[in-house]
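Engineer:
Numbering (UniProt numbering), first residue to last: 1 to 586.
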């Protein structure tokens with residue numbers, strides 16, 4: 001996929017350095033489908049040995065990384081941030097490469113000794129930025145034979161580099177695993193579980209298995225047609241068949257055409273060339289036995305170059321990815337298998353600063369605020385280098401983030417402060433509910449709560465008008481007759497509801513309204529005093545037409561007095577400014 005200098009390293013990740021003020025180790029992620037010394041992302045090492053905080057605990061690290069990083073991406077290096085002055089850079093870089101080599105043996109088996117590995121070093125006393133990292137390359141995996149990288153290239157369009165010739169492959173596979181074990185020896189279930197997983201591994205390579213490959217976009221007569229690959233075709237032939245196809249048959253430069261869906265079918269009705277008798281599976285037991293059925297829904301992603309053969313895609317990416325996820329699920333479930341069967345599901349998302357997705361196995365048996373879930377998210381935030389006071393990993397036809405792409409404010413040389421994160425736009429007459437003339441504050445409150453949902457601070461649904469009224473009655477602010485009425489509410493009532501439903505505190509400033517606008521941003525020039533407010537107006541009554549909303553001024557920059565001398569804020573009315581506070585949580 002292109003050429004480069006032998007001692008050049010390309011940086012494709014937007015957030016290379018996670019550890020800035022403390023010692024530690026970061027794993028560097030690359031891809032065999034890119035030049036071997038291209039770094040696409042980095043992960044913090046969380047588990048270290050008790051005697052050395054810079055020495056990773058490889059079994060724990062490998063188990064978590066295996067489930068987090070899609071196949072097609074792999075660990076190609078490590079960066080060590082240290083506070084040791086007595087060690088040479090080459091020695092520390094060698095330790096990093098040694099850790100990478102040992103981790104790769106666990107993750108990828110008999111790793112190719114010719115794989116180029118990267119060791120990067122940063123001394124806390126030598127500088128605090130990623131440009132101060134010193135990179136070393138090992139071409140044989142030998143931690144003593146290092147070359148210093150002479151050129152570090154920071155790509156300005158990393159997404160283009162990654163996706164121009166690559167694509168995402170997705171595969172789902174529901175499984176029901178029957179586990180038979182002796183009732184007087186519960187530990188037998190562990191062996192049964194391990195045997196069942198090994199059986200799935202064999203079935204994925206069985207001659208009778210079929211893989212249906214299709215573009216994830218809606219099929220069309222002119223588009224790529226599904227391809228079926230049978231298990232018998234996975235063995236490498238002496239020469240490629242004439243009908244062989246690669247991933248490019250399902251991809252193009254069109255939007256959404258770079259996602260491929262793979263379905264797995266365990267075909268037991270296919271005609272056999274040789275006569276065969278019916279078969280039955282037999283599970284011998286020395287005494288009374290019990291049956292436990294473990295249900296899994298596997299869902300894996302993989303990254304592949306578009307010139308990869310479909311058979312290689314299945315054999316080298318999909319099957320190993322499914323087996324990896326199955327083993328990760330087993331490791332999480334096994335300790336409590338007979339006591340409580342955890343409900344684990346894989347979820348995919350692209351973290352801030354990343355150019356590729358990651359996969360998280362999330363427990364659905366608990367609520368979002370359960371401390372066990374909080375600790376899982378906190379650990380994940382540390383691993384990904386995310387903020388510690390906000391969550392990006394908690395599990396609408398409404399328009400989102402309608403302010404994006406609007407014209408500039410008109411303030412020259414101003415400093416812009418904008419909303420952080422996504423929200424949904426709620427307005428009059430939405431969902432067929434007529435609240436025109438009285439429901440603007442309700443709609444603004446719904447927009448605010450949607451922001452807390454989108455930032456994963458809460459999992460509650462956005463409340464209806466009636467539920468908002470019910471909350472105010474329950475706290476004693478309103479009489480029961482308020483429920484079902486068309487009475488207005490204001491900033492004070494909104495603060496009460498946010499406190500009751502979300503536990504969110506608010507500051508209220510009386511600044512002198514009758515109109516419940518939502519303030520999304522401010523553009524202010526401290527020198528000239530020129531100022532504009534980014535306003536989201538809930539009084540819009542049309543359909544979800546973004547162009548109509550923006551062109552009609554329902555979302556846009558407003559000045560207190562516009563160029564025509566018109567006042568946006570009415571002088572004979574007062575306005576309460578509601579300031580919900582961001583929770584300090586993950």
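Think of the CB as a built atom: it goes at the ideal place given N, C-alpha and C, for glycine as much as any other residue.
Note that the structure is a prediction, hence the values are computed from the model and not measured.
1) Do the CB positions of residue 536 and residue 520 come within less than 8 Å of each other?
2) Would DSSP call residue 331 helix, strand or coil?
3) Between residue 24 and residue 44, what straight-line distance do the alpha-carbon atoms span, to the nearest angstrom?
4) Once the 5 residues before and after residue 41 are set aside, which same chain residues still bring their CB inside 6 Å of it?
5) Thinking residue 455 and residue 421 are a contact (beta carbons under 8 Å), I'd like their distance in whole angstroms, please.
6) Do residue 72 and residue 303 have their C-beta atoms closer together than 8 Å?
7) Report the three-state DSSP secondary structure of residue 551 (helix, strand or coil).
8) Between which two residues does the alpha helix (DSSP H) containing residue 99 stretch?
9) Examine the Cβ distances between the segment 178-190 and the segment 45-54 and report whether three or more of them are shorter than 8 Å.
10) How many Å lie between residue 568 and residue 554 at the Cα?
11) What three-state label does DSSP hand residue 149 in the structure shown?
12) With DSSP as the reference, label residue 443 as helix, strand or coil.
13) What is the C-beta distance between residue 106 and residue 62, in whole angstroms, given that I count them as a contact (C-beta under 8 Å)?
14) Kindly confirm or deny that the segment 329-340 and the segment 313-321 touch, where touching means at least three C-beta pairs closer than 8 Å.
15) Between the alpha carbons of residue 361 and residue 429, how many angstroms are there, rounded?
16) Which whole-angstrom value describes the C-beta separation of residue 160 and residue 305, a residue pair presumed to lie in contact below a C-beta threshold of 8 Å?
17) For a test of the three-state rule: what should DSSP assign to residue 197, helix, strand or coil?
18) Would DSSP call residue 280 helix, strand or coil?
19) Thinking residue 75 and residue 93 are a contact (beta carbons under 8 Å), I'd like their distance in whole angstroms, please.
20) Might you give, ordered along the chain, the residues of its own chain that have their beta carbon closer than 8 Å to the beta carbon of residue 581, omitting 5 neighbours on each side?
21) Would you mind working out which of 356, 476 and 470 sits nearest residue 39, comparing C-alpha positions?
22) Identify whether residue 313 lies in helix, strand or coil by the three-state DSSP scheme.
23) Inspect the beta-carbon positions of residue 594 and residue 522 and report whether they are closer than 8 Å.
24) At what residues does the alpha helix (DSSP H) containing residue 33 begin and finish?
25) Can you give me the C-alpha to C-alpha distance between residue 663 and residue 386, rounded to a whole angstrom?
26) For residue 252, which of helix, strand or coil comes out of DSSP?
27) Could you check which residue in 436, 227, 211 and 156 has the C-alpha nearest to that of residue 314?
28) Keeping to the same chain, check which residues put their C-beta closer than 6 Å to that of residue 557; ignore five residues upstream and five downstream.
29) What residue range is occupied by the uninterrupted beta strand (DSSP E) comprising residue 157?
30) Let's test the definition: count the other Cβ atoms within 10 Å of the Cβ of residue 196 and tell me whether it reaches 16, buried, or not, exposed.
31) When the distance is taken between beta carbons, is residue 96 closer than 8 Å to residue 133?
32) Which same chain residues end up closer than 7 Å to residue 625 when comparing Cβ atoms and leaving out the 5 residues on each side of it in sequence?
33) For residue 183, count neighbouring C-beta atoms within 10 Å of its own C-beta (all shown protein chains included) and say buried if the count is 16 or more, exposed if not.
34) Per DSSP, which one or two residues make a beta bridge with residue 79?
35) Helix or strand or just coil, what does DSSP make of residue 521?
36) Straight-line CA distance for residue 471 to residue 439?
Structural biologist: Checking against the coordinates, here is how it stands:
1) yes
2) helix
3) 8 Å
4) 13, 29 and 354
5) 5 Å
6) yes
7) helix
8) 89-108
9) no
10) 13 Å
11) coil
12) helix
13) 4 Å
14) no
15) 39 Å
16) Not really, about 15 Å apart at Cβ, beyond 8 Å.
17) helix
18) coil
19) Not quite, the Cβ-Cβ distance comes to about 16 Å (not below 8 Å), so this is no contact.
20) 504, 505, 506 and 507
21) 356
22) helix
23) As shown, the chain starts at 1 and ends at 586. That puts residue 594 outside it, with no answer to give.
24) Where residue 33 is concerned, there is no enclosing alpha helix (DSSP H), given that its DSSP letter is neither H nor E.
25) Within the shown structure, residues of the chain are numbered from 1 to 586, placing residue 663 beyond reach of any answer.
26) Interpretation of residue 252 is limited by its pLDDT of 48, a score under 50 that renders its predicted location unreliable; the figure taken from the coordinates is listed afterwards. Coil at residue 252, not helix or strand.
27) 211
28) 409, 532 and 534
29) Element bounds for residue 157: n/a, residue is neither H nor E.
30) buried
31) no
32) Residue 625 is absent from the model: the chain starts at 1 and stops at 586.
33) exposed
34) 26 and 120
35) strand
36) 16 Å
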